[in-house]
Each structure stands twice: as structure tokens, then as C-alpha cells.
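To keep things clear, I will list the structure first and then write my remarks on it.
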Amino acid sequence: MPLATPVTDIVDAHRDRARILDADWRFFTGVARFHGPARPVALHGPDGALKALLQTPGNGAVAVVSVGARAAVFGDGMAQAAEANGWAGVVIDGAVCDVALIRPRKVGVAALRAYPAYLREGLAGGPAATVTVAGVTVREGDWIVADEDGIVALDAETARALGA
Numbered sequence: 001m002p003l004a005t006p007v008t009d010i011v012d013a014h015r016d017r018a019r020i021l022d023a024d025w026r027f028f029t030g031v032a033r034f035h036g037p038a039r040p041v042a043l044h045g046p047d048g049a050l051k052a053l054l055q056t057p058g059n060g061a062v063a064v065v066s067v068g069a070r071a072a073v074f075g076d077g078m079a080q081a082a083e084a085n086g087w088a089g090v091v092i093d094g095a096v097c098d099v100a101l102i103r104p105r106k107v108g109v110a111a112l113r114a115y116p117a118y119l120r121e122g123l124a125g126g127p128a129a130t131v132t133v134a135g136v137t138v139r140e141g142d143w144i145v146a147d148e149d150g151i152v153a154l155d156a157e158t159a160r161a162l163g164a
């Protein structure tokens, strides 16, 4: 069963190991199926740390972003950077903006909502060893698998067994 297997089938086969990120995810690009190693990011304020990360080579990874605010932390400039730098996707436990501009990008972008203003205040965040997203602790080294049915986190051992 490869990682390209539908999320529902992965959960059925590995119910004890597939951690469901339990939220009403919206997919903001045409790429709703993506997977890769998790790169956790904790944001408490301005989005500069996420932007800087997405400007580095992604090598097929998925940025998993925990957000402590309502305002948007991701827009078209970051979607362009993620696409250009080989990121498989970005999962945001928060909001995006520039929805019409993000839509044609060839990178997976899942978030909880759209919001018309960027987060501009607060303490800066950055890469983290772990984040909690939709009630699930995601660690560096975990794998994220997403499709239209939802998003799951897998430990590295399970991901390897699925062909990672």
C-alpha cells in the first residue's frame, strides 16, 4: 500500500497508527492529494518565519503550521515560493488569503479558512520540533498524507512500510 493510497484506506489499514488531523480542511489549490515528511512550524505572530522556510528547498516536504491567531499567515507569495522550491504541500491550522491567486499553484495548500487580512502583530515563530494541529501532535520526522477525505500524520516507521 503506497503513500499515494487514499487516506481512507490508510486509516482503515493502520487505524492504530494513522493520526487524523480532525478539522474541516479546505483545499485552496487543485492539488488536494499530497504527501511528504512533516516540517513543523509554530506561528504566534507575523508570517516571516513561514515565508523564510518556504524559500528554502522543500524536497517534497509538507510544512505543517500551527497558528495562534485568526488572521491569515499564508498568501500568494508563499504559495509561489513553495511551488518553486519543491514543497509537496502546506497544511495550516489557521487562515490563508489571496485565494484567487493561490488557486492555480501546483502545490497542495490546506487550511481551515480564508481571511482577508494578514497577521501583523505578535511574537515571531519558526520551525519547531513538534506542533499541535487539529488536536494532533506532529513531529519532525512524521509523514503527512492528504487527500479530499482528510489529512493524517504517520510515524516514520509506518510511512516507510507504505513506501516513503
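Numbering (the working numbering), first residue to last: 1 to 164.
The C-beta atom is built at its ideal place from N, Cα and C for all residues, glycine as well.
Quick caveat: nothing in here was measured; it's all calculated off a predicted structure.
Selection from G108, G94, A117 that minimises the alpha carbon distance to A84 | G108
Distance between beta carbons of I144 and A134, contact taken as under 8 Å = Actually they are not in contact, since the Cβ atoms of A134 and I144 sit about 12 Å apart, beyond 8 Å.
Proximity below 9 Å, CB of E140 to CB of F27 | no
Does the segment 97 to 104 come within contact of the segment 57 to 69, defined as at least 3 CB pairs closer than 8 Å?
-> no
Inter-residue spacing [alpha-carbon to alpha-carbon] between D142 and A4 | 16 Å
Buried versus exposed call for P104 [16 or more other C-beta atoms within 10 Å across all chains shown] | exposed
First and last residue of the uninterrupted beta strand (DSSP E) at L112 = 108 to 114
Taking all protein chains shown into account, do 16 or more other C-beta atoms lie within 10 angstroms of the C-beta of V91, making it buried, or fewer, making it exposed?
-> buried
Which whole-angstrom value is the C-beta distance of G163 and L43, which I expect to be below 8 Å?
-> The pair is not a contact, with the Cβ atoms about 31 Å apart (cut-off 8 Å).
Can the beta-carbon of V136 be found less than 9 Å from the beta-carbon of R19?
-> yes
For A81, I'd like the list of residues in its chain whose CB is within less than 6 Å of its CB, leaving aside the five on either flank, ordered along the chain.
-> L54, Q55
With D76 as the anchor, note down where its alpha helix (DSSP H) starts and where it stops.
-> 76 to 84
Helix, strand or coil for D142, going by three-state DSSP, please let me know.
-> coil
Hey, G75 and Y115 are a contact pair by Cβ (cut 8 Å); roughly how many whole angstroms apart?
-> Actually they do not touch by this definition, with Cβ atoms about 10 Å apart.
Tell me whether the beta-carbon of V41 lies closer than 9 Å to the beta-carbon of A128.
-> yes
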